[in-house]
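Colleague: Numbering (full-length UniProt numbering), first residue to last: 1 to 105.
1) Would you kindly check if the distance between the Cβ of residue 102 and the Cβ of residue 49 is under 7 Å?
2) Between which two residues does the alpha helix (DSSP H) carrying residue 12 extend?
3) Output needed for residue 99: all residues of its chain with C-beta closer than 6 Å, excluding positions within five of it in sequence on either side, in chain order.
4) Helix, strand or coil for residue 90 per DSSP?
5) Assuming residue 78 and residue 64 make a contact with CB atoms under 8 Å, what is their CB distance in whole Å?
6) What three-state label does DSSP hand residue 70 in the structure shown?
What follows is the structure in structure tokens.
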């Protein structure tokens, strides 16, 4: 019986740690800023067009280099690749959680 109680209490503390880590992650303020000459976003048809985008983490090698991507309105795509290929990074760039290093204007 005491072993079960110990495992239950241990699980509770693990869950508390997981929640604290999650709160720390979502509570960070966004640091991505619009350029001074940026025009307000107007979504008319919902397509995505990336042209020659570049992004990397810090001073490490490039994660996304020279990517062109067009997703037409209503079109569905799947991102497939090995771990570390940049799938999540691409989604985070799309959501503006990260700022691009460079892109075609």
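Using N, Cα and C, we set each Cβ at its ideal position, and we do this for glycine too.
These numbers were taken from a predicted model, which means no experiment stands behind them.
Modeller: Short version:
1) One-based indexing of the chain shown puts residue 49 at position 49. One-based indexing of the chain shown puts residue 102 at position 102. Cβ distance not < 7 Å, so residue 49 and residue 102 don't count as in contact.
2) Translated into the one-based positions of the chain shown, residue 12 becomes position 12. From DSSP, the alpha helix (DSSP H) with residue 12 extends over 2-26.
3) Counted from its first residue, the chain shown places residue 99 at position 99. Taken in chain order, the residues that qualify are 32.
4) Mapped onto the chain shown, residue 90 falls at position 90. Three-state DSSP puts residue 90 in a helix.
5) The residue you call residue 78 lines up with position 78 of the chain shown. The residue you call residue 64 lines up with position 64 of the chain shown. Actually they are not in contact, since the Cβ atoms of residue 78 and residue 64 sit about 18 Å apart, beyond 8 Å.
6) Against the chain shown, residue 70 aligns to sequence position 70. Looking at residue 70 - three-state DSSP - the assignment turns out to be strand.
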